[in-house]
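From first to last, the protein sequence lines stand for chains A and B. Just so you know, we're using my numbering here: the first sequence kicks off at 1 and counts up by one. Just so you know, we're using my numbering here: the second sequence kicks off at 1 and counts up by one. Report on the structure given below.
There are 2 protein chains.
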Amino acid sequence: MKSLIVVKIGGHVIDNPGQLQPFLQAFAGLEGAKILVHGGGSIATRMGHRLGIESKYVGGRRITDEASLELITMVYGGLVNKQLVAVLQQAGCNAIGLSGADGKMILAERRVVKDVDYGFVGDVQAGGVNQRFLQTLLEAGLQPVLAPLSYSDSVGLLNTNADTIAQEVAKAMSSYYATQLIYCFEKAGVLRDQLEEGSVIPQIDEVSFLQLQQEGVVADGMIPKLSNALAARAAGVQSIVIGKAADLPELVSLVKEHKYYD
Amino acid sequence: MKSLIVVKIGGHVIDNPGQLQPFLQAFAGLEGAKILVHGGGSIATRMGHRLGIESKYVGGRRITDEASLELITMVYGGLVNKQLVAVLQQAGCNAIGLSGADGKMILAERRVVKDVDYGFVGDVQAGGVNQRFLQTLLEAGLQPVLAPLSYSDSVGLLNTNADTIAQEVAKAMSSYYATQLIYCFEKAGVLRDQLEEGSVIPQIDEVSFLQLQQEGVVADGMIPKLSNALAARAAGVQSIVIGKAADLPELVSLVKEHKYYD
């Protein structure tokens, strides 16, 4: 089985050229088949301010109305995606930037309205990742760069969380590739003490995840992230690593050396 | 030799949903391999106004400064490109939206500064169209949708006229496919009398082109358009047709029936 690395790059890194440039160099330098999934960081929010498009919230949840979907399509699907592709090409990586509509790559359903209408938000369909299409690109020596946009035949483009896209793509590809999923963000990993960069928890499984939640070590946004990571692992992804963008080569070799989750 | 249709869609059509929707349905319905090239119409100008990015001109020529390049990347490479892809997918056409940086598809050089520095404007390199990449996509049953952005290893993304992209792509592909190039805009063709839709000139060659210029029938923006079309014809493109977006199926069958330029 060939190997594949799926890397999700967080918004804080995209906002910070000093972190983004070395990350992209490192990504370009990785051997073998690889896929980059990106969010958009604060660029969409800033661009929205300038355009008079403000994020709307209902019960603390962000709503994607039509103007917000257009903003995301422009900023994530266009500006961020194409700039990442251009920098990767300059670094010798044959990148191709895509949304979920391109090649019908990521089929989603508009989130069902219960208490809250989230607007143009897509939940990836079961079997919704077009792995054959991604395989065609990878086998042609291309490295897909995916914007957080999915697609529905009935609605068109939809906004989907980049973590979810990364996880669904890694899951779908794991039937054909020994797949590693790496979440890159601004911290060194899941920290036991948020103020102490050296306090990275080296390995987390279902049991320790519950314990870490009970202890309050893992909280807020880290809970769905880890819960998704464990679900991806259960669904066949060979390893999932969370760590600092600048440490990407070390994160990859960490997996190879220690065979985490192997 | 397999056949290929390269269609350029003009800005006025993109701006007008009543023209765009039937055009996209017609494009989706065309048999065989096809490529769509689009500009952005007035959306970029309007979005620029809202963002406080104004087009700059030197000696009547538009300059692409860094802010304008970002605007074009967002609007053409993101908003317009992905919306066209989504509508085509909904119409059953397996579209894939790309810039010149994706797969290093269109290599360009930043226009040399002589009297005027045009900014981030790219002139397509000789041999700069990656026909192998386009061929891979076409053979996988994908229909490329190209934004008017080219790429340079030294500069990154560059702004390139959509007519030029269409012409260069058609020229490059004509070694491998019997290629038709169709420019779709809001008029029925090259008109002898601008006020008379029925006055379409049925066929133009090098000799009649000169004559039409002398008579003043062909003027302004139509001169470079026709001059490029004739150059593409000379470089191996089998036929070039200019006509109304809504008439796309007729324009295609016109070529087949009358074998214009064949």
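Using N, Cα and C, we set each Cβ at its ideal position, and we do this for glycine too. Keep in mind the model is a prediction, meaning the values are calculated, not measured.
* **Contact set for arginine 61 of chain B: own chain, Cβ-Cβ below 8 Å, skip 5 residues either direction** => Taking the first residue of the second sequence as 1, we reach residue 61 of chain B at position 61. Closer than 8 Å at Cβ, skipping near neighbours: Val116 and Tyr118.
* Asked: Residue range of the beta strand (DSSP E) that threonine 179 of chain A falls in?
  -> Reading the first sequence from its first residue, position 179 is the one you call residue 179 of chain A. Threonine 179 of chain A: member of the beta strand (DSSP E) spanning 178–185, first to last residue.
* For asparagine 16 of chain A, name the three-state secondary structure that DSSP assigns. => Along the first sequence, one-based indexing puts residue 16 of chain A at 16. Reduced to three states, the DSSP call for asparagine 16 of chain A is coil.
* To do: Compute the Euclidean distance between the alpha carbons of leucine 51 of chain A and leucine 248 of chain B, then round it to the nearest angstrom.
  => As a working mapping, residue 51 of chain A is identified with position 51 in the first sequence. As a working mapping, residue 248 of chain B is identified with position 248 in the second sequence. When rounded, the distance between both Cα atoms is 36 Å.
* Which listed residue (A:Ala188, A:Leu30, A:Leu142 and A:Gly77) has its alpha carbon closest to that of alanine 245 of chain A -> Position 245 of the first sequence, counted from the start, is the residue given in the question as residue 245 of chain A. Among A:Ala188, A:Leu30, A:Leu142 and A:Gly77, the Cα nearest to that of alanine 245 of chain A is on A:Ala188.
* Length of the line joining the Cα atoms of glycine 127 of chain A and threonine 64 of chain A -> By 1-based counting over the first sequence, the position of residue 127 of chain A is 127. By 1-based counting over the first sequence, the position of residue 64 of chain A is 64. Going from the Cα of glycine 127 of chain A to the Cα of threonine 64 of chain A covers about 24 Å.
* Going straight from the alpha carbon of glutamate 109 of chain B to that of glutamine 125 of chain B, what length do you get? -> Start at 1 with the first residue of the second sequence, and residue 109 of chain B comes out as number 109. Start at 1 with the first residue of the second sequence, and residue 125 of chain B comes out as number 125. Looking at the two C-alpha atoms, the distance is approximately 6 Å.
* Is the beta carbon of valine 85 of chain A sitting closer than 8 Å to the one on aspartate 153 of chain B? -> The count along the first sequence starts at 1 and reaches residue 85 of chain A at position 85. The count along the second sequence starts at 1 and reaches residue 153 of chain B at position 153. Going by C-beta atoms, valine 85 of chain A is not nearer than 8 Å to aspartate 153 of chain B.
* Asked: Hey, is leucine 230 of chain B close to the ligand ZN, as in C-beta under 7 Å from one of its heavy atoms?
  -> Absent from the structure shown: the ligand ZN. Ligands present: none.
* Any idea which residues DSSP pairs leucine 4 of chain B with across the strands? -> Looking up residue 4 of chain B in the second sequence gives position 4. Note: leucine 4 of chain B sits in a beta bridge opposite B:Ala33 and B:Thr179.
* **Under 8 Å between C-beta atoms of alanine 172 of chain B and glutamine 131 of chain B** => Here residue 172 of chain B is taken as the residue at index 172 of the second sequence, counted from 1. Here residue 131 of chain B is taken as the residue at index 131 of the second sequence, counted from 1. Cβ distance < 8 Å, so alanine 172 of chain B and glutamine 131 of chain B count as in contact.
* Just confirm the distance between the C-beta atoms of serine 99 of chain A and glycine 77 of chain A, as a whole number of angstroms; I'd bet it's less than 8 Å. => Reading the first sequence from its first residue, position 99 is the one you call residue 99 of chain A. Reading the first sequence from its first residue, position 77 is the one you call residue 77 of chain A. Contact flag correct, Cβ pair sits at about 5 Å.
* Asked: By Cβ distance below 6 Å, which residues in the same chain neighbour lysine 259 of chain A in space, the five residues on each side in sequence not counted?
  -> By one-based count along the first sequence, residue 259 of chain A stands at place 259. Low per-residue confidence applies at lysine 259 of chain A: pLDDT is 47, beneath 50, and the placement is therefore not dependable, though the value from the model is reported in the following sentence. Within the same chain, lysine 259 of chain A has no close Cβ partners at all.
* Hey, leucine 181 of chain B and glutamine 203 of chain B: beta-carbon distance below 8 Å or not? -> By 1-based counting over the second sequence, the position of residue 181 of chain B is 181. By 1-based counting over the second sequence, the position of residue 203 of chain B is 203. Contact flag unset, no.
* So which residues of chain B does isoleucine 96 of chain A contact, with C-beta pairs closer than 8 Å? -> Within the first sequence, numbered from 1, the residue matching residue 96 of chain A stands at position 96. Ordered by position in chain B, the residues that pass the 8 Å Cβ test against isoleucine 96 of chain A are Leu98, Asp102 and Gly103.
* **Inter-residue CB distance, alanine 28 of chain B and glycine 92 of chain B (contact presumed, cutoff 8 Å)** => Here residue 28 of chain B corresponds to residue number 28 of the second sequence, with the count starting at 1. Here residue 92 of chain B corresponds to residue number 92 of the second sequence, with the count starting at 1. 6 Å between Cβ atoms; contact.
* Just curious, the beta strand (DSSP E) that glutamate 197 of chain B is in, first and last residue? -> Walking along the second sequence from the start, residue 197 of chain B turns up at place 197. First-last for glutamate 197 of chain B: undefined, no H or E at that position.
* State the Cα-Cα distance for the pair leucine 20 of chain A and valine 80 of chain A, rounded to the nearest angstrom. => Taking the first sequence and counting its residues from 1, the one referred to as residue 20 of chain A is at position 20. Taking the first sequence and counting its residues from 1, the one referred to as residue 80 of chain A is at position 80. Distance between the alpha carbons of leucine 20 of chain A and valine 80 of chain A: 12 Å.
* Determine whether the Cβ of tyrosine 260 of chain B lies closer than 8 Å to any Cβ atom of chain A. => Here residue 260 of chain B corresponds to residue number 260 of the second sequence, with the count starting at 1. Below a pLDDT of 50, predicted positions are generally treated as unreliable, and tyrosine 260 of chain B, at 45, falls in that range; no measurement from the model is reported.
* Asked: Name the chain B residues whose beta carbon is nearer than 7 Å to that of glutamine 89 of chain A?
  -> Here residue 89 of chain A refers to the residue found at position 89 when the first sequence is read from its first residue. Simply Ala101, Lys104 and Tyr151.
* To do: Please name the residue, chosen from A:Ser239, A:Ala235, A:Val190 and A:Ile240, that lies closest to glycine 216 of chain A on a Cα-to-Cα basis.
  => Locating residue 216 of chain A in the first sequence gives position 216, counting from the first residue. Closest option to glycine 216 of chain A, Cα to Cα, is A:Val190.
* When we look at the beta-carbon of aspartate 262 of chain B and count the other beta-carbons within 10 Å, is it buried (16 or more) or exposed? -> Taking the first residue of the second sequence as 1, we reach residue 262 of chain B at position 262. Per-residue confidence for aspartate 262 of chain B stands at a pLDDT of 36, beneath the threshold of 50, marking its modelled position as unreliable; no derived number is given.
* Contact set for alanine 67 of chain A: own chain, Cβ-Cβ below 7 Å, skip 5 residues either direction -> Numbered from 1 along the first sequence, position 67 holds the residue referred to as residue 67 of chain A. Cβ neighbours of alanine 67 of chain A beyond the five flanking positions: Ile53.
* To do: Compute the beta-carbon to beta-carbon distance between isoleucine 165 of chain A and valine 37 of chain A, rounded to the nearest angstrom, for a pair I have assumed lies under 8 Å.
  => One-based indexing of the first sequence puts residue 165 of chain A at position 165. One-based indexing of the first sequence puts residue 37 of chain A at position 37. The Cβ separation is near 5 Å, so the contact holds.
* What is the residue span of the beta strand (DSSP E) that asparagine 159 of chain A lies within? -> One-based indexing of the first sequence puts residue 159 of chain A at position 159. Note, asparagine 159 of chain A: beta strand (DSSP E), 156–159.
* To do: Count the other CB atoms, across all protein chains shown, that sit within 10 Å of the CB of tyrosine 57 of chain A; report buried if there are 16 or more and exposed otherwise.
  => Walking along the first sequence from the start, residue 57 of chain A turns up at place 57. Looking at its Cβ environment, which holds fewer than 16 other Cβ atoms inside 10 Å, tyrosine 57 of chain A is exposed.
* Distance, phenylalanine 185 of chain A Cα to glutamate 250 of chain A Cα -> Counted from its first residue, the first sequence places residue 250 of chain A at position 250. Counted from its first residue, the first sequence places residue 185 of chain A at position 185. Taking the straight line joining both Cα atoms gives about 14 Å.
* Which word fits arginine 46 of chain A, buried or exposed, when buried means at least 16 other C-beta atoms lie within 10 angstroms of its C-beta? -> Counting from 1 along the first sequence, the entry for residue 46 of chain A is found at position 46. Exposed, because fewer than 16 other Cβ atoms sit within 10 Å of the Cβ of arginine 46 of chain A.
* Under a CB-based cut-off of 8 Å, is glutamine 83 of chain B close to chain A? -> Translated into the one-based positions of the second sequence, residue 83 of chain B becomes position 83. At least one C-beta of chain A is nearer than 8 Å to the C-beta of glutamine 83 of chain B.
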